[in-house]
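At position 65 of the sequence shown (counting the first as 1) the number is 54 in the numbering used here, and the numbers step up by one without a gap. Yeah, the Cβ is synthetic: ideal placement off N, Cα and C, and Gly gets one too. Please read the structure below before turning to the comments.
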Amino acid sequence: MRTEVPAVRDDPGAPSLESTPSLRERHRHDTRRRIHLAALELFSTKGVRETTSQEIADLAGVSQRTYFRYFATKEEAALPKQIDVLRAVEDMELTATTIGGALREIATVLLTATRPETGVELSQHQSIMELLLREPQLEAVRAAHERELATAISAKLASQLPGESPIAIRAAGEITIAAWRTGWAQWEADIAADGDATRSADAAHQRAWRALVAIVGEVGELDSAEGVG
-10 MRTEVPAVRD DPGAPSLEST PSLRERHRHD TRRRIHLAAL ELFSTKGVRE
40 TTSQEIADLA GVSQRTYFRY FATKEEAALP KQIDVLRAVE DMELTATTIG
90 GALREIATVL LTATRPETGV ELSQHQSIME LLLREPQLEA VRAAHERELA
140 TAISAKLASQ LPGESPIAIR AAGEITIAAW RTGWAQWEAD IAADGDATRS
190 ADAAHQRAWR ALVAIVGEVG ELDSAEGVG
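Next up, the structure:
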């Protein structure tokens, strides 16, 4: 399987009038954001295990019924972009006819769905990263979402490219997750190194893909294990 380096597309610019969110959509976005911020605050001060979904709902100023319309668990409230990226992959329409082209489209969707858009979102992203490092319960949910995302990517590829072998489809899903995770880790490392919190995540993701493709290409065919041991 030959994997091409996905080129991350530029943002399309300011939204058109047709894409301007309705009042209802803005209200839903605001409610979801308040729940997310409440979860981050409580998890940071009390810890994940000691926090309840009711406490998150109370701090966000919503009923528990409203809370569960947005998030199924308290952990998900801290990781909304994990939900967003899964939905984005499930809803996207692939146009590519090769695995490399399809991965290019998927990589763009993954980055667009998770890229921090403002300084406030960047601060939230950093808070989430800190929580993941010290909260195994939250990290377990993130890891489970990544496995679900890899499965969704493979399913999308299989439906678009029925002629590809199952192992190529499965490998492509795992490769995409590895590059996505590495890209975010590199972006965070770049910010920590130079303090430039405004730097784009796109370049780090491009570097992650190039590194991964180079490594896979260098490995080539594995030697036979026959007779080893």
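Straight-line gap, A49 to R17 (C-alpha atoms, nearest Å): 13 Å
How many Å lie between V208 and A160 at the Cα? 15 Å
Tell me the rounded alpha-carbon separation between H25 and W169. 23 Å
To the nearest angstrom, how far is it from the Cα of T40 to the Cα of R136? 25 Å
Should L12 go down as buried or exposed, given a rule of 16 or more other Cβ atoms within 10 Å for buried? exposed
Verify whether the separation of the beta carbon atoms of R38 and Q115 is less than 8 Å. no
Start and end residues, alpha helix (DSSP H) containing A67: 63 to 67
Indicate whether A147 and I158 have their beta-carbon atoms separated by less than 8 Å. yes
Run through DSSP, which three-state label would V(-6) get? Model confidence at V(-6) stands at a pLDDT of 46, short of 50, so the residue's coordinates are unreliable and nothing is read from them.
May I ask you to report which of helix, strand or coil DSSP gives T171? helix
Alpha-carbon spacing of A28 relative to I95, whole angstroms: 29 Å
Can you give me the C-alpha to C-alpha distance between P69 and L75, rounded to a whole angstrom? 10 Å
If we count Cβ pairs, one from each stretch, closer than 8 Å, do we get three or more for the segment 195 to 210 versus the segment 172 to 184? yes
Can the beta-carbon of A77 be found closer than 8 Å to that of V98? yes
How long is the line joining the alpha carbons of G184 and E177, rounded to whole angstroms? 10 Å
Rounded to a whole number of angstroms, what is the C-alpha to C-alpha distance between S143 and R188? 31 Å
As a quick exercise: from I164, A181, A182, D179, pick the residue whose alpha carbon is nearest that of R199. I164
Distance CB(T20)-CB(Y59) smaller than 8 Å: yes
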